[in-house]
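Novice: If you read the sequence shown in this note's numbering, its first letter stands for residue 5, the second for the next number, and so on.
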Amino acid sequence: MMEKLSNYVSYCGLYCKLCSFIALIPKQARALMETMRKGGWEYFGEYEFPEFKDFWKLLGKLSEFDKTVSGCRDSCGPPDCEIRRCAREHGVITCAFCPDFPCDLIREMDKKYPIIIKNLERQKEIGLEKWIEKQEKLAQAAHSYQEILKE
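(1) According to DSSP, is Tyr12 part of a helix, a strand, or is it coil?
(2) Hey, would you say Gly17 sits closer than 9 Å to Gln127, going by beta carbons?
(3) Between Leu4 and the rest of its own chain, which residues show a CB-CB distance below 6 Å, the 5 nearest in sequence each way excluded?
(4) Are Asn123 and Tyr47 close, meaning C-beta to C-beta below 9 Å?
(5) Classify Leu62 as buried or exposed, calling it buried when 16 or more other Cβ atoms lie within 10 Å of its own Cβ.
(6) Here's a check: name, in chain order, each residue in its chain whose Cβ is nearer than 6 Å to the Cβ of Cys80, leaving out the five neighbours to either side.
(7) Using a Cβ-Cβ cut-off of 7 Å (strictly less than) and excluding sequence neighbours within five positions of Leu36, which residues of its own chain qualify?
(8) Can you give me the C-alpha to C-alpha distance between Asp104 and Ile87, rounded to a whole angstrom?
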């Protein structure tokens, strides 16, 4: 099981199950679809909005995102991610274990997600397996980075 969960560990120090793509958006998309279904939008939406079919298709994909995406080690995130490329070149599972940590790429990413360096330092301190267990508990409690970063 830990091997499967480690697929959700990004190279940069995020836990993909806490990302809004997995933790929030699918649930919200399902709720919106259900509300719209009850209101008959499937039948008259395209009469009000010519783009409705495309919107409905996208909403359907978003509602399944938590079941179809397994993190940046698989197919999520920008395909040309510099951090992913660099970590693979250095042969490290996360940047925490890179001899160049923290580098400019990580410092820059930490500006957008000011938990990155803290997460990577914690991975080094307690080990990746324990860190994953703690992140999984947060994910199971329905937390996301959007609320964690507000604190």
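Each residue gets a CB set at the ideal place from its N, CA and C atoms; glycine is no exception.
Specialist: So, to answer that:
(1) In this structure, DSSP gives Tyr12 a state outside helix and strand, which the three-state scheme calls coil.
(2) Yes, the Cβ-Cβ distance between Gly17 and Gln127 is below 9 Å.
(3) Because the chain is modelled from 5 through 155, residue 4 falls outside the range shown and cannot be assessed.
(4) Taking 9 Å as the Cβ cut-off, Asn123 and Tyr47 do not qualify as a contacting pair.
(5) Leu62 should be labelled exposed.
(6) Excluding sequence neighbours, Cys80 sits near Val73.
(7) If we look at Leu36 and ignore the five residues flanking it on each side, its Cβ neighbours are Leu63.
(8) The alpha-carbon separation between Asp104 and Ile87 amounts to approximately 12 Å.
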